Amino acid sequence: MNITLELPSELEHELAREASQLKLPLTEYILRVLSFRPFLQNPPKTGVELVSYWESVGVINSRPDITDSQEHARRLRDQAEHRERA
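Numbered continuously in the numbering used here, the sequence shown closes out at residue 160.
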């Protein structure tokens, strides 16, 4: 389905800026924002519901390349602690 919208320029620039920060095309970012509506209307109320939501949108198990999350976190922390400052 194709829909054409006339957005106020301020809103368009705001959405484009947010999409750019996430390195996403504007159209894909807008689709993500729209698909997030059900979550905002009925947010998870328990930890189990939150984990279930994360699984359904692909957050959990989105990095199959990380086999040991604790080791990965240690490496990230070490890199952050030893990065050069500008």
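For each residue, glycine too, the CB sits at the ideal point set by N, CA and C. All values reported here derive from a predicted model rather than from experimental measurement.
- Separation of ILE140 and ARG149 (C-alpha to C-alpha, rounded to the nearest whole angstrom) is 12 Å.
- Within the same chain, Cβ atoms closer than 8 Å to the Cβ of GLU92 are found at TYR103, the five residues on either side in sequence being excluded.
- The DSSP-derived three-state label of HIS87 is helix.
- Excluding its 5 nearest sequence neighbours in each direction, HIS146 has C-beta neighbours in its own chain below 7 Å: ILE140, listed in chain order.
- Bounds of the alpha helix (DSSP H) holding PRO112 are 111 to 115.
- Look at THR101 here: in three-state DSSP terms it is helix.
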